[in-house]
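See structure below.
Residue numbers (this note's numbering): 2 to 391.
Rendered as structure tokens:
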């Protein structure tokens, strides 16, 4: 068991998306270099002042590559520290050289488990422990002080590991949300196609009954329609069966769409008044877009009902243009931060992206929370049959 855990740790890859350098890095570098200048100027009892200043500046510069090369930066930083420790042990006086600002090396300890691979974390941790061991053997300090120093040194690493675990867990949950949204979309597409294919099969069967007196070619054509329709329905069921929790015998009903929004916003029990406005030709939307509009409004209104602070109204607008469908959901509650953009909205973003559209959510300019979506309308032929409205 322990061997498997160690093997898993050793083979753990680096977390994706590590930024090479951001503005905070330059700010941190400026603070570090400023601290070096102040301490080197104002502090009197500095051992090997020139060497200490050069080492502190070196440690500050190493911070710029802590995300992209965490192991290399830890080796260079703590290797330099160990060289100073050995030099101070050989050459009198045997006092720890360096500036207090060199504690900025703790940022590298944080970055190692936050951005390094499992192999880099293990090797870098060995270097850090070696530096601590050398310091303990070099300088005569009490045992409790050595233990406290080790805990203080390793604490940023524990924080980095915790942050990494939290971010990884959130990314995993977001992936699950996106996967569920894909499954839901596949289910809706399946149900819509299956609904029409089932009707085609029934019409074909009726056509066979009515065509008994007609030429055999008509019967043969109807048989082909029936056979092809039945085969398509069976293949669609088999293809999506592994992507959904319900069995293949599920009810073949089209998903809710724009026509169901009136019923959605009139549902009793809501604490907010919902103002629904529909504009444009919304009767001939592709089934996937029709269902996506409903899901966006449903999720957004539900979030407003649950989380809007001091809100009294939710304004919903769905407008169909020539090539796009725009959805807007806004409440008039107090302006809040981005915390309300949860997993439900992440799933809707995935659905919108799958359809070639976009979805944005965030606090409004003055009040409330706004959700804006733009979906491609898709090609619709004039006179095409629309799905039945319930």
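All residues carry an ideal CB built from backbone N, CA and C; glycine is no exception.
Return the chain-ordered list of same chain residues with a C-beta closer than 6 angstroms to the C-beta of residue i, the five sequence neighbours on each side being excluded.
i: residue 41; result: 54
i: residue 176; result: none
i: residue 346; result: 362
i: residue 21; result: 69
i: residue 309; result: 332, 334
i: residue 266; result: 275, 277
i: residue 172; result: none
i: residue 248; result: At residue 248, the pLDDT of 42 sits below 50, so the modelled position is not reliable and the matter cannot be decided from this model.
i: residue 49; result: 98
i: residue 57; result: 37, 100, 102, 103
i: residue 145; result: none
Considering only C-alpha positions, which residue in the set the options is nearest to residue i?
i: residue 359; options: 333, 77, 99, 329; result: 329
i: residue 11; options: 82, 308, 113, 124; result: 124
i: residue 85; options: 140, 74, 365; result: 140
i: residue 87; options: 174, 71, 74, 132; result: 132
i: residue 162; options: 13, 297, 74; result: 13
i: residue 19; options: 136, 168, 38; result: 168
i: residue 102; options: 44, 71, 72, 75; result: 44
i: residue 378; options: 24, 282, 37; result: 282
i: residue 9; options: 286, 74, 146, 119; result: 119
i: residue 299; options: 57, 312, 258, 287; result: 258
i: residue 288; options: 302, 367, 187, 90; result: 187
i: residue 311; options: 368, 201, 150, 151; result: 368
i: residue 90; options: 137, 76, 75; result: 137
i: residue 396; options: 92, 23, 75; result: Outside the displayed range of the chain (2 to 391) lies residue 396, so it cannot be described from this structure.
Which residue comes first and which comes last in the alpha helix (DSSP H) that contains residue i?
i: residue 359; result: Residue 359 -> not in any alpha helix (DSSP H); beta strand (DSSP E) instead, spanning 359-364.
i: residue 298; result: 288-308
i: residue 89; result: 71-91
i: residue 377; result: Segment 370-377 is the beta strand (DSSP E) holding residue 377; no alpha helix (DSSP H) there.
i: residue 139; result: 119-139
i: residue 321; result: Note, residue 321: premise wrong, no alpha helix (DSSP H); beta strand (DSSP E) at 314-321.
i: residue 23; result: Unbroken run through residue 23: none, as it is neither H nor E.
i: residue 63; result: 50-63
i: residue 264; result: 262-266
i: residue 108; result: 107-116
So, at 7 angstroms on beta carbons, what are the nonlocal neighbours of residue i in its own chain, with the 5 sequence-adjacent residues on each side left out?
i: residue 59; result: 81
i: residue 165; result: 16, 114, 115
i: residue 77; result: 63
i: residue 32; result: none
Note the first and the last residue of the continuous beta strand (DSSP E) segment covering residue i.
i: residue 401; result: With the chain running from 2 to 391 in the structure shown, residue 401 is simply not present.
i: residue 332; result: 325-332
Hey, residue i and residue j are a contact pair by Cβ (cut 8 angstroms); roughly how many whole angstroms apart?
i: residue 321; j: residue 276; result: 18 angstroms between Cβ atoms; not a contact.
i: residue 148; j: residue 79; result: Not really, about 19 angstroms apart at Cβ, beyond 8 angstroms.
i: residue 15; j: residue 126; result: At roughly 16 angstroms, the Cβ-Cβ gap does not stay under 8 angstroms, so residue 15 and residue 126 are not in contact.
i: residue 316; j: residue 326; result: With 8 angstroms as the limit, residue 316 and residue 326 do not qualify as a contact, their Cβ atoms being about 17 angstroms apart.
i: residue 292; j: residue 376; result: So it is not a contact: roughly 11 angstroms between Cβ atoms.
i: residue 110; j: residue 154; result: 6 angstroms
i: residue 374; j: residue 354; result: Wrong, their Cβ atoms sit about 11 angstroms apart, outside the cutoff.
i: residue 112; j: residue 51; result: Wrong, their Cβ atoms sit about 28 angstroms apart, outside the cutoff.
i: residue 100; j: residue 160; result: Incorrect: roughly 24 angstroms between the Cβ atoms, too far for contact.
i: residue 349; j: residue 296; result: 6 angstroms
i: residue 135; j: residue 83; result: 5 angstroms
i: residue 314; j: residue 273; result: 6 angstroms
Can you tell me whether residue i sits near the ligand ADP, meaning its C-beta is under 7 angstroms from at least one heavy atom of the ligand?
i: residue 22; result: Ligands displayed in this structure: none; no statement on the ligand ADP is therefore possible.
Near residue i, what residues of its chain come up, given a Cβ to Cβ distance below 8 angstroms and the 5 sequence neighbours on each side ignored?
i: residue 323; result: 378
i: residue 290; result: 326, 356, 376, 377, 378, 379
i: residue 263; result: 277
- Message: With three or more beta-carbon pairs closer than 8 angstroms as the criterion, would you say the stretch 59-73 touches the stretch 98-114?
- Response: yes
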